[in-house]
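Those sequence lines, one after another, are chains A, B, C and D. Residues in the first sequence are numbered from 90 upward in steps of one, following this note's numbering. Residues in the second sequence are numbered from 90 upward in steps of one, following this note's numbering. Residues in the third sequence are numbered from 90 upward in steps of one, following this note's numbering. Residues in the fourth sequence are numbered from 90 upward in steps of one, following this note's numbering. From the three backbone atoms N, C-alpha and C, an ideal C-beta is built for every residue, glycine too.
There are 4 protein chains.
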Amino acid sequence: MKNSQQSVGVIGLGIMGSAMSANLVKAGFEVRGYDIVAARRAALRRAGGNPVRSVAQVNAGIVITSLPSAQALHDVSQELKRKCIVVETSTLPIEDKEKARDVLKRKGITLLDCPLSGTGAQARVKDLVVYASGDRKACDQAKEVFPGFSRAHYYVGAFGNGSRMKFVANLMVAIHNVSAAEAFVLGMKAGLRPEQIYEVAGDGAGTSRMFQVRGPQMVRGRYGDATMKVEVWQKDMKVIGEFAARLGVPTPLFNASAAVYNAAMAQGFAKDDTASVCAVLERMAGLRR
Amino acid sequence: MKNSQQSVGVIGLGIMGSAMSANLVKAGFEVRGYDIVAARRAALRRAGGNPVRSVAQVNAGIVITSLPSAQALHDVSQELKRKCIVVETSTLPIEDKEKARDVLKRKGITLLDCPLSGTGAQARVKDLVVYASGDRKACDQAKEVFPGFSRAHYYVGAFGNGSRMKFVANLMVAIHNVSAAEAFVLGMKAGLRPEQIYEVAGDGAGTSRMFQVRGPQMVRGRYGDATMKVEVWQKDMKVIGEFAARLGVPTPLFNASAAVYNAAMAQGFAKDDTASVCAVLERMAGLRR
Amino acid sequence: MKNSQQSVGVIGLGIMGSAMSANLVKAGFEVRGYDIVAARRAALRRAGGNPVRSVAQVNAGIVITSLPSAQALHDVSQELKRKCIVVETSTLPIEDKEKARDVLKRKGITLLDCPLSGTGAQARVKDLVVYASGDRKACDQAKEVFPGFSRAHYYVGAFGNGSRMKFVANLMVAIHNVSAAEAFVLGMKAGLRPEQIYEVAGDGAGTSRMFQVRGPQMVRGRYGDATMKVEVWQKDMKVIGEFAARLGVPTPLFNASAAVYNAAMAQGFAKDDTASVCAVLERMAGLRR
Amino acid sequence: MKNSQQSVGVIGLGIMGSAMSANLVKAGFEVRGYDIVAARRAALRRAGGNPVRSVAQVNAGIVITSLPSAQALHDVSQELKRKCIVVETSTLPIEDKEKARDVLKRKGITLLDCPLSGTGAQARVKDLVVYASGDRKACDQAKEVFPGFSRAHYYVGAFGNGSRMKFVANLMVAIHNVSAAEAFVLGMKAGLRPEQIYEVAGDGAGTSRMFQVRGPQMVRGRYGDATMKVEVWQKDMKVIGEFAARLGVPTPLFNASAAVYNAAMAQGFAKDDTASVCAVLERMAGLRR
Numbered sequence: 090m091k092n093s094q095q096s097v098g099v100i101g102l103g104i105m106g107s108a109m110s111a112n113l114v115k116a117g118f119e120v121r122g123y124d125i126v127a128a129r130r131a132a133l134r135r136a137g138g139n140p141v142r143s144v145a146q147v148n149a150g151i152v153i154t155s156l157p158s159a160q161a162l163h164d165v166s167q168e169l170k171r172k173c174i175v176v177e178t179s180t181l182p183i184e185d186k187e188k189a190r191d192v193l194k195r196k197g198i199t200l201l202d203c204p205l206s207g208t209g210a211q212a213r214v215k216d217l218v219v220y221a222s223g224d225r226k227a228c229d230q231a232k233e234v235f236p237g238f239s240r241a242h243y244y245v246g247a248f249g250n251g252s253r254m255k256f257v258a259n260l261m262v263a264i265h266n267v268s269a270a271e272a273f274v275l276g277m278k279a280g281l282r283p284e285q286i287y288e289v290a291g292d293g294a295g296t297s298r299m300f301q302v303r304g305p306q307m308v309r310g311r312y313g314d315a316t317m318k319v320e321v322w323q324k325d326m327k328v329i330g331e332f333a334a335r336l337g338v339p340t341p342l343f344n345a346s347a348a349v350y351n352a353a354m355a356q357g358f359a360k361d362d363t364a365s366v367c368a369v370l371e372r373m374a375g376l377r378r
Numbered sequence: 090m091k092n093s094q095q096s097v098g099v100i101g102l103g104i105m106g107s108a109m110s111a112n113l114v115k116a117g118f119e120v121r122g123y124d125i126v127a128a129r130r131a132a133l134r135r136a137g138g139n140p141v142r143s144v145a146q147v148n149a150g151i152v153i154t155s156l157p158s159a160q161a162l163h164d165v166s167q168e169l170k171r172k173c174i175v176v177e178t179s180t181l182p183i184e185d186k187e188k189a190r191d192v193l194k195r196k197g198i199t200l201l202d203c204p205l206s207g208t209g210a211q212a213r214v215k216d217l218v219v220y221a222s223g224d225r226k227a228c229d230q231a232k233e234v235f236p237g238f239s240r241a242h243y244y245v246g247a248f249g250n251g252s253r254m255k256f257v258a259n260l261m262v263a264i265h266n267v268s269a270a271e272a273f274v275l276g277m278k279a280g281l282r283p284e285q286i287y288e289v290a291g292d293g294a295g296t297s298r299m300f301q302v303r304g305p306q307m308v309r310g311r312y313g314d315a316t317m318k319v320e321v322w323q324k325d326m327k328v329i330g331e332f333a334a335r336l337g338v339p340t341p342l343f344n345a346s347a348a349v350y351n352a353a354m355a356q357g358f359a360k361d362d363t364a365s366v367c368a369v370l371e372r373m374a375g376l377r378r
Numbered sequence: 090m091k092n093s094q095q096s097v098g099v100i101g102l103g104i105m106g107s108a109m110s111a112n113l114v115k116a117g118f119e120v121r122g123y124d125i126v127a128a129r130r131a132a133l134r135r136a137g138g139n140p141v142r143s144v145a146q147v148n149a150g151i152v153i154t155s156l157p158s159a160q161a162l163h164d165v166s167q168e169l170k171r172k173c174i175v176v177e178t179s180t181l182p183i184e185d186k187e188k189a190r191d192v193l194k195r196k197g198i199t200l201l202d203c204p205l206s207g208t209g210a211q212a213r214v215k216d217l218v219v220y221a222s223g224d225r226k227a228c229d230q231a232k233e234v235f236p237g238f239s240r241a242h243y244y245v246g247a248f249g250n251g252s253r254m255k256f257v258a259n260l261m262v263a264i265h266n267v268s269a270a271e272a273f274v275l276g277m278k279a280g281l282r283p284e285q286i287y288e289v290a291g292d293g294a295g296t297s298r299m300f301q302v303r304g305p306q307m308v309r310g311r312y313g314d315a316t317m318k319v320e321v322w323q324k325d326m327k328v329i330g331e332f333a334a335r336l337g338v339p340t341p342l343f344n345a346s347a348a349v350y351n352a353a354m355a356q357g358f359a360k361d362d363t364a365s366v367c368a369v370l371e372r373m374a375g376l377r378r
Numbered sequence: 090m091k092n093s094q095q096s097v098g099v100i101g102l103g104i105m106g107s108a109m110s111a112n113l114v115k116a117g118f119e120v121r122g123y124d125i126v127a128a129r130r131a132a133l134r135r136a137g138g139n140p141v142r143s144v145a146q147v148n149a150g151i152v153i154t155s156l157p158s159a160q161a162l163h164d165v166s167q168e169l170k171r172k173c174i175v176v177e178t179s180t181l182p183i184e185d186k187e188k189a190r191d192v193l194k195r196k197g198i199t200l201l202d203c204p205l206s207g208t209g210a211q212a213r214v215k216d217l218v219v220y221a222s223g224d225r226k227a228c229d230q231a232k233e234v235f236p237g238f239s240r241a242h243y244y245v246g247a248f249g250n251g252s253r254m255k256f257v258a259n260l261m262v263a264i265h266n267v268s269a270a271e272a273f274v275l276g277m278k279a280g281l282r283p284e285q286i287y288e289v290a291g292d293g294a295g296t297s298r299m300f301q302v303r304g305p306q307m308v309r310g311r312y313g314d315a316t317m318k319v320e321v322w323q324k325d326m327k328v329i330g331e332f333a334a335r336l337g338v339p340t341p342l343f344n345a346s347a348a349v350y351n352a353a354m355a356q357g358f359a360k361d362d363t364a365s366v367c368a369v370l371e372r373m374a375g376l377r378r
């Protein structure tokens, strides 16, 4: 039997949770995982982990949560019983995370707010960054497991700062994805080839991580293989928009990008990658490839 | 006496021209340079080059032009006499470059449209990229001198494509500079430290070359040491805006950024770095550091 | 004792509710009103109405609700017992109104969705327009009381259409208020006097109801006498923004206006009139009057 | 023979110039008109005016110019010889008008900057407003003819203020036309009928002159009968945009609208009315009527 330091719990085995679990297994951890979907629990077993039948059975000193909604977090908070440190990695409103933290605290469980920077594709190759926040001591303990599923982690301070940093980063993601599309459409309409735009503009002052990551889809004009679906991204847009409004921060470029994502939803790209904003702008520009 | 392959002319010895000249000298070229300002000619001599007294005296097979305005280009076009290849590196409307090309063609001089990606600071350390366009054969000849002042060059096709690619790249520069400012202001107002934002958000999906390059100024909140002044940048904004309007390309984010640069001009940042848009957004957000 | 046609209930006696009540009294109705705040009930008595001590005691065939939040509507829905037609005039998410409608239906009470176009100042002079929607027959009955507090009413169809029309109208209100500010700031910076701008531009193709209504505050540069406070307006902005996002409608101008309202909040104008966006843009433009 | 007070010259007999001439004739003036196009001179004769064969032959104390470009104004300035007061009604950059003023001054001719508010359709029914600026005494003389072609006029001060006021008014025209389109598209996508939106939202706080004027085209979804073509309007957009940039005035809503007009150009609406931005937003919103 392995000792408790080598065990780690994972609740929520979707795209992110399953990828993290697989990497934790490879890194030598015993992964005790749970998901409400049986097929996902089975997938965990195939990946070398140990699925359990309920949240309450996830018995480990450190438990990672990767959840689709605030409601899921509140449900998990009710069901957790054993003392542990919970590494909450989902992107959710801070208020919901605070509420969960308070519920768990009464049971002696410490919730840490630790959103991740990176897509599902990046999670599979361990190209994730953890924005860890909350109780410092608990974070120090939790960071033993971070290298098992991420390439870097930063401690960013008080509980909620992880989410705040995530919103800041995602504000730029929202903008840079659309700015890449503007650049491709402007260039293509001016007669430049998209491959050339990707190669040349990607090697200069105008480049961004999003230009590099989403650019290949824009070059091909195919968005079906989504690493971030527009309909999922809309939730992030809403969370960031409300965060900025509540703080009284004007975000003119972010707001301008929101109109383009709405159009992507309207034009049938809900299940496609967010890179499909390029198709939206092409249509606006009357561009036929 | 050196042979003609080893000589290169440079017309316009401002921030960019002088930096390129100095690097060409270091790379072993004999630089024959001209500028209307005597002090700049003297500086060229100190840097190891050979200043001449007029455009007509710039005797070299390949001549680089780095000019502040369309008028300067038209003046130089009138004064050039000897056959050569002119590598025109300035950012100007394509129509003006075409006009100069036609004037020079009648004298047997080939003008190439070769804008540069990179700031004055980057020029000094040879961190420039050349977007070469125009006559292919002439470009092949000219590219012998490119490594003398740049780290990379791309041939992007017919005359004008260099400028088109530059506008595409600069559209993203315009946007990403403001998006970096939005991110810093949102984060700071949420209580995050700017140093932390720079470190953490710079290592993730939201980063951009501009975030990395201009971020340190935004962290300090000091914009006096300009690598690109707002008032100079306004010319680029105008050129790109008209380019997009003429092509019928909607550029919502670029347009949103233009309002912020106008505000920077209005608030006294004309001589400061474009990173000062961060101060503009801070004021809008009622943020006091 | 008066007959039921002459009585009308009013729940919520804030700025809008008290103004409507006063006008209904003047129009000859017996107003039976309730508000959780005792002072407002007393004010109703002074205005000639009959305050009651609870929602359940508001005994009338037609009951108008004018409420500050969705929660207030849900509370009222629980407390109402007697059969009646409820004319719901608040601006709230449609989902909340639908929920209330369903709760009331089980008690034989018909809820109509009837938002108002007009501010508190307009309500006092009966310059309101009712966007009536829901059960047609109930609307026909309710419209007997509309002339008692409004200058016009429109039946716009199925339940919820009243709110939809209100969101459409308010989207333009949001934009035109900021466009008036842009116009004043552009004109003033160009040396025109604000009084002149108001007079001349108000008599031409560029004018709007908002320019006419909010313009005098922008001319004076004083926003303390609010007919619509920025902090209250922010709720409308949120509701409209989510409405558009859910429908997949790109609203680039509305989104651009949202950034300016956020700035107004940040700069201390929360309690001021929304016309204070003029002060926000003046600051951005470095304008000193 | 009529005396000089009753004569008025008109140079430029396009849509605006011919409408003004016809109304001046009806008002009892002898109109001496010139246009480079012979057919337009013939039309003036049919309308009861007296066409002449050159600019120099336009012999009148007050001469109205209605010209398509700055170049046309400069040409006319060269050709005018006799002393007179020129009422310049075109929308052109102020710099060009100043240049013309200076050229004419040397010949004893006083140029007034007097742009008009109103479309060609409005010009036909005399629904124009004159923004008069320049020499006060000359304006007082010129205003004798204003009632012959306009419904109102305002003296707005020093030369150029007429244009400044026009830019301010047109900034709002640009925005309100697009805001009307946003409102129609939001409403239609929510299931409201466009006729209803026009009727109901047009009678409330959200309305604007543009909503009222362009709304009927948006209701029908037909834009072929242009009172202001998109391609012509693009020139106004450029002039206003540069005016704001030079003054350092941030105009976020105007900038957002510019992207939509660019899209209209791109989608083939160049010759259609500017109301066609509604079709652009419908396409973005995936709306099929």
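Beta carbon proximity, residue i to chain A, threshold 8 angstroms
| i | result |
| --- | --- |
| C/Ala368 | no |
Endpoints, alpha helix (DSSP H) assigned at residue i
| i | result |
| --- | --- |
| C/Ala263 | 250–278 |
| A/Asp325 | 319–336 |
| A/Ser166 | 159–168 |
C-beta neighbour in chain B for residue i, strict 8 angstroms
| i | result |
| --- | --- |
| A/Tyr243 | yes |
| A/Pro339 | yes |
Delimiting residues of the beta strand (DSSP E) encompassing residue i
| i | result |
| --- | --- |
| A/Leu370 | Unbroken run through A/Leu370 is the alpha helix (DSSP H), 366–373; no beta strand (DSSP E). |
Any C-beta of chain D under 8 angstroms from that of residue i
| i | result |
| --- | --- |
| A/Arg225 | no |
| C/Arg298 | yes |
| B/Asn250 | no |
Given residue i as reference, the closest of the options once Cα atoms are compared
| i | options | result |
| --- | --- | --- |
| C/His265 | C/Val99, C/Leu156, C/Phe343 | C/Phe343 |
| A/Val369 | A/Val267, A/Lys318, A/Gly276 | A/Val267 |
| A/Glu168 | A/Thr180, A/Val147, A/Val328, A/Leu181 | A/Val147 |
| A/Ala189 | A/Lys172, A/Asp164, A/Thr180 | A/Asp164 |
CB contact check: residue i to chain C, cutoff 8 angstroms
| i | result |
| --- | --- |
| B/Met326 | no |
Beta-carbon proximity of residue i to residue j, cut-off 8 angstroms
| i | j | result |
| --- | --- | --- |
| D/Val176 | D/Leu156 | no |
| B/Gly295 | B/Ala272 | yes |
| C/Lys278 | C/Leu205 | no |
| B/Phe256 | B/Val328 | yes |
| B/Ser179 | B/Thr154 | yes |
| B/Met317 | B/Pro283 | no |
| C/Met105 | C/Ala241 | no |
Beta-ladder partner(s) of residue i, from DSSP
| i | result |
| --- | --- |
| C/Leu193 | In DSSP, C/Leu193 forms no bridge with anything. |
| D/Arg121 | D/Gly98, D/Asn139 |
| C/Glu36 | Outside the displayed range of chain C (90 to 378) lies residue 36 of chain C, so it cannot be described from this structure. |
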